[in-house]
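These protein sequence lines map, in sequence, to chains A and B.
224 is the number that our numbering gives to position 218 of the first sequence; each next residue is one higher, with no gaps.
278 is the number that our numbering gives to position 213 of the second sequence; each next residue is one higher, with no gaps.
Ideal Cβ placement from N, Cα and C applies to all residues, glycine included.
Here the structure is a predicted model, which is why all the values come from computation and not from measurement.
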Amino acid sequence: MGQAAIELIGINKSFGAVHANRDINLEIPRGTIHGIVGENGAGKSTLMSILYGFYQADSGEIRVNGKPAAIKTSNDAIAAGIGMVHQHFMLVENFTVLENIILGAEGEALLKTSIAKARSELQRLEREYGLEVDPDAIIEELPVGIQQRVEILKALYRGAEILILDEPTGVLTPAEADHLFRILKQLKEQGKTVVLITHKLREIMAITDNVSVMRQGTMVATRETKKTTVEELAELMVGRRVLLRVEKGAANTGAVKLAVSNLTVRDQRGVTMVDDVSFEVRAGEIVGIAGVAGNGQSELIEAISGIRRAVSGSVLLDGKPIDVTGTADPGELRDRGLAHVPEDRHHVGLVLAFEENENSILGYHDDERYRKGLLLDIDAIRNDAKSKIEGYDIRPPDCRLKTANFSGGNQQKIVLAREMEQDPGVLIVGQPTRGVDVGAIEFIHKRLIAMRDQGKAVLLISVELDEIRSLSDRILVMFAGRIVGERGPEASEGELGLLMAGVEQREAAE
Amino acid sequence: MSTPYAKLPAWADYGLIPLINLAVAFIVAGFVVLLVGENPLRAAAILVEGAFGRGQGIAFTLYYATTFIFTGLSVAVAVHCGLFNIGTEGQAYIAGLGVAVVCLTFDATLPWWLTFPLATLAAAAMGALWALLPAYLQAKRGSHIVITTIMFNFIAASIMVYLLVGMLKPPGSMAPQTRIFLEGAQLPKLNWVIELFGARVRSAPLNISFLLALLMAFLTWVLIWRTRLGYEIRTYGHSPKAARYAGISETRIIIITMMISGALGGMMALNPTMGDQHNVAIDFVSGAGFVGIAVALMGRSHPVGIVLAAILFGMLYQGGAELAFEMPAISRDMIVIIQGLVILFAGALEHMFRPSIQALFASFSPKSVGMAATKGKGA
Chain A
7 MGQAAIELIG INKSFGAVHA NRDINLEIPR GTIHGIVGEN GAGKSTLMSI LYGFYQADSG
67 EIRVNGKPAA IKTSNDAIAA GIGMVHQHFM LVENFTVLEN IILGAEGEAL LKTSIAKARS
127 ELQRLEREYG LEVDPDAIIE ELPVGIQQRV EILKALYRGA EILILDEPTG VLTPAEADHL
187 FRILKQLKEQ GKTVVLITHK LREIMAITDN VSVMRQGTMV ATRETKKTTV EELAELMVGR
247 RVLLRVEKGA ANTGAVKLAV SNLTVRDQRG VTMVDDVSFE VRAGEIVGIA GVAGNGQSEL
307 IEAISGIRRA VSGSVLLDGK PIDVTGTADP GELRDRGLAH VPEDRHHVGL VLAFEENENS
367 ILGYHDDERY RKGLLLDIDA IRNDAKSKIE GYDIRPPDCR LKTANFSGGN QQKIVLAREM
427 EQDPGVLIVG QPTRGVDVGA IEFIHKRLIA MRDQGKAVLL ISVELDEIRS LSDRILVMFA
487 GRIVGERGPE ASEGELGLLM AGVEQREAAE
Chain B
66 MSTPYAKLPA WADYGLIPLI NLAVAFIVAG FVVLLVGENP LRAAAILVEG AFGRGQGIAF
126 TLYYATTFIF TGLSVAVAVH CGLFNIGTEG QAYIAGLGVA VVCLTFDATL PWWLTFPLAT
186 LAAAAMGALW ALLPAYLQAK RGSHIVITTI MFNFIAASIM VYLLVGMLKP PGSMAPQTRI
246 FLEGAQLPKL NWVIELFGAR VRSAPLNISF LLALLMAFLT WVLIWRTRLG YEIRTYGHSP
306 KAARYAGISE TRIIIITMMI SGALGGMMAL NPTMGDQHNV AIDFVSGAGF VGIAVALMGR
366 SHPVGIVLAA ILFGMLYQGG AELAFEMPAI SRDMIVIIQG LVILFAGALE HMFRPSIQAL
426 FASFSPKSVG MAATKGKGA
């Protein structure tokens, strides 16, 4: 495969007592797509940050194209031909695409010449790699998929030969992700080297040539992608066998717990996001709502759980109405047995600055169990948190630790433990495994199935089609605010994909 | 993918770093003194000696600190709710009206220990009411609380001037202030406590509202960290979205928090009026509300920190007055510069030395720093 574009030799990096990277050796051949997988906290991001000059290794050597490179800052990295596309985009929201691309590479005092240069360069890149972007569009008006393209263009504009992408598909729709992969393949054909950091094994299988697995700061294996399997990679990542398919028996459904009829919801701008939606969820079943992000799923669950006002329609919880257009209040709904795991655990489901135990009562802080006269019963709260930590295997098992210091999977478990342990009749779950590592996904899925087998009604929203298909007893597909079809769990990915894209909309809506 | 998050031991976080910041502030202030042509070491000695050297100085320092504890707490409570209450100044000023009404009405008939609680309630109520309107406008109309509270400071000042040159002024007097309160509205001094330790206090205004301030600091701690209301305040302060999700009413929490903040600011009015001058005079707050912002910032909005920061600012006020007296080249304005430097280094540049100190700790004893983010090893 030719000469190595990047060689890492004996890289070590510690933060205090934590050895984040331990004797890492890695060779990335030029003109390949190389995947790096590992759970959250395995050291992938640290390693890439060393390569991109954010951190310096305590020991070890970096070689770019065979020559030792001293990369002390990200400018050194750029000079060595390394470009990085971060998970969270580094774009100025109210600048145009062109302005963002020349940012930091303006050249002269006046912008005019560099803008003109950037414009012609952009056209060349567009031709070569199929990276179409309107150079004069304002960033904040572009969809995330295009914003990401701008990030890639930024790196290429600076002459990147080696492109590092950190969890690039986390924010993309399946179609956008496919487009991204096509672009990456094109880059590879043009001789660029791509490093893809991800925890989604399917992407690794779909696009990479080689894959390296990290676990707890060490590089445990490098494989040729053709010669490995998802199962093997998952086992290498976690260090034990992982069940990728969820095992579940037949659903034993009971009475209707949640009935939504003709619900219409608008967002802040007055755009109709949920359009005349009706469905019901029975006890003992999981109903999954599939759909590309932004087709009204978020607004739907926010309206049902009392966070957002609906314009019209009605919702019955256990046969009694929820005033979704008027006074519905999340606190009142909790008392009535409706629990909600929100999509955005960082800003909605948790207060990251709080101690773990404080988050374990969020929304239930009025509960008598946590009260002692006028005061909060701190001992009761902490003991309660400790028992949840044990029951849900939350690590590290420290209820006084700040929530921000838990990994994504463990944060999600804090939310799930809180909502599930209230023994609700209805559980609404949004994106339960977003940004969660493989081992925790397995655990969360098992818990959701257990809830269903206890006779709870579960409404699941996820942009991960696999998740919807493996967990749901019935699948509803949402497109442009409407439910465009209902399928059983045996529906094929292709069939659902078409519905999600709105293709069969007319027939399915009848 | 989280960035590694190093943590310092608590004593370094809350003790060492503020001390280093303070030291740097004084070193820079020393250069300023040097520029004026005075000896900075002697100036520092005079400042500390003036604030803590004699019983007299200590009493004055604590008298000023009393005022700053109230205003610091006022700002801090609002900060916990994510609100920046710049209006403590006006809330304290208008609370003087409540104090005046109670004192002028009852000072001839009631003993101080009855007037004091009544005046405390009146001051708190007036301060809370003065915060209510901006709070309501913020909660219901989205008018920014920083803007409205600033405007309310001006309105408070105008109202007080109007009343102090009119209704509240005794007939025939030329001074814009109420008459002197009788004994029933004069608070007992606390100077004897300092004298217990063997120091002598000639006459200083330290009074029992200092104890009220300490009590309020404790109650604020209980409120913020031990009550449901405090929990809701902090939740809203960190994340309004999470508060909405938790079923916390935005309107209710903003209004209640601002009224508590206003009430704490209002109680400040007791100290200079009933405790010291025995009247309500024009401009008796004289910027204490704004110092409260610095105190809350430096005390990290924690009551213990606020008490300590208030004593520090009390020291700067008292020691600064001595310094201006002893060294004619150093005017009152110089003292303001020194105070400004303290605010700059201890408040605004709070995190300037943190990274290097963290690195230092990490190199000496990795265990003491550790990574707080002990990532779960799988599930």
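Among the options, nearest to residue i - alpha-carbon criterion
i	options	result
Ala85/A	Asp140/A, Ile189/A and Gly59/A	Gly59/A
Ser208/B	Ile319/B, Gly120/B and Gly352/B	Ile319/B
Leu329/B	Ala196/B, Ile403/B and Phe171/B	Ala196/B
Val321/A	Gly294/A, Ile292/A, Lys263/A and Ile213/A	Lys263/A
Gly16/A	Gly44/A, Ala63/A and Ala48/A	Ala63/A
Phe187/A	Tyr135/A, Val219/A and Ala296/A	Tyr135/A
Gly319/A	Lys123/A, Ala386/A, Ala265/A and Arg155/A	Ala265/A
Arg493/A	Leu466/A, Leu505/A and Ile189/A	Leu505/A
Arg315/A	Ser413/A, Lys419/A, Met279/A and Ala486/A	Met279/A
Arg69/A	Asp390/A, Val330/A and Ala11/A	Ala11/A
Gln251/B	Ala264/B, Ile273/B and Arg265/B	Ile273/B
Cys146/B	Val372/B, Ala200/B and Leu229/B	Ala200/B
Ala359/B	Gly331/B, Gly405/B and Leu280/B	Gly405/B
Gly331/B	Thr185/B, Gly80/B, Val97/B and Leu288/B	Thr185/B
Segment limits, beta strand (DSSP E) that includes residue i
i	result
Thr174/B	No beta strand (DSSP E) contains Thr174/B, which DSSP labels as neither H nor E.
Ile170/A	Ile168 to Asp172
Ala143/B	Note, Ala143/B: premise wrong, no beta strand (DSSP E); alpha helix (DSSP H) at Gly120 to His145.
Val356/B	Run containing Val356/B: none in the beta strand (DSSP E); it sits in the alpha helix (DSSP H), Ala353 to Met363.
Ser65/A	Ser65 to Val70
Ile42/A	Ile39 to Val43
Ile295/A	Ile292 to Ala296
Alpha-carbon to alpha-carbon, residue j and residue i
i	j	result
Gln511/A	Asp281/A	In this predicted model, Gln511/A has a pLDDT of only 48, less than 50, meaning its place in the structure is not dependable enough to derive any value.
Glu448/A	Gln460/A	19 Å
Asn256/B	Gly192/B	28 Å
Leu502/A	Asn365/A	37 Å
Ile402/B	Ala94/B	8 Å
Lys442/B	Gln222/A	Confidence is the limiting factor: at Lys442/B the pLDDT is only 33, short of 50, which leaves the residue's position unreliable, though a coordinate-based value still follows. C-alpha separation (whole angstroms): 8 Å.
Leu171/A	Ala110/B	59 Å
Glu105/A	Val201/A	26 Å
Val142/B	Thr285/B	8 Å
Glu114/A	Met96/A	22 Å
Phe275/B	Pro253/B	11 Å
Gln9/A	Arg36/A	6 Å
Arg388/A	Gly412/B	33 Å
Asp383/A	Ser311/A	27 Å
Pro270/B	Gly340/B	6 Å
Gln342/B	Gly370/B	28 Å
Asp429/A	Gly343/A	8 Å
Val434/B	Pro74/B	The pLDDT assigned to Val434/B is 45, lower than 50, so where the model puts this residue is not dependable; a value taken from the coordinates is nonetheless given after this. If I take the Cα positions, the gap works out to 7 Å.
Thr214/B	Leu294/B	23 Å
Leu169/A	Leu53/A	14 Å
Ser419/A	Thr235/A	Strictly speaking, residue 419/A in this sequence is Lys, with Ser absent from that position. Cα to Cα, the separation comes out at about 28 Å.
His367/B	Met399/B	29 Å
DSSP beta-bridge partners of residue i
i	result
Ser20/A	His25/A
Lys408/A	Glu361/A
Ala265/A	Glu286/A and Leu322/A
Thr322/B	Per DSSP, none; premise fails for Thr322/B.
Asn256/B	BP columns for Asn256/B are empty, so no partner.
His346/A	Ile434/A
Glu33/A	Glu13/A
Gln196/A	Looking at the DSSP assignment, Gln196/A forms no beta bridge with any residue, so it has no partner.
Ala227/A	Val219/A
Assumed close pair residue i, residue j - CB separation to whole angstroms, cut-off 8 Å
i	j	result
Leu14/A	Ile30/A	6 Å
His451/A	Val252/A	5 Å
Ala35/B	Phe426/B	An answer regarding residue 35/B cannot be provided, because it is not within the stretch 66 to 444 covered by chain B.
Leu433/A	Glu425/A	7 Å
Val464/A	Ile292/A	4 Å
Leu128/A	Pro149/A	That belief does not hold up - the Cβ atoms of Leu128/A and Pro149/A are roughly 19 Å apart, past 8 Å.
Where the alpha helix (DSSP H) containing residue i begins and where it ends
i	result
Arg107/B	Pro105 to Val113
Ala463/A	Looking at the DSSP string, Ala463/A is not in any alpha helix (DSSP H); the run it does join, the beta strand (DSSP E), is Ala463 to Ile467.
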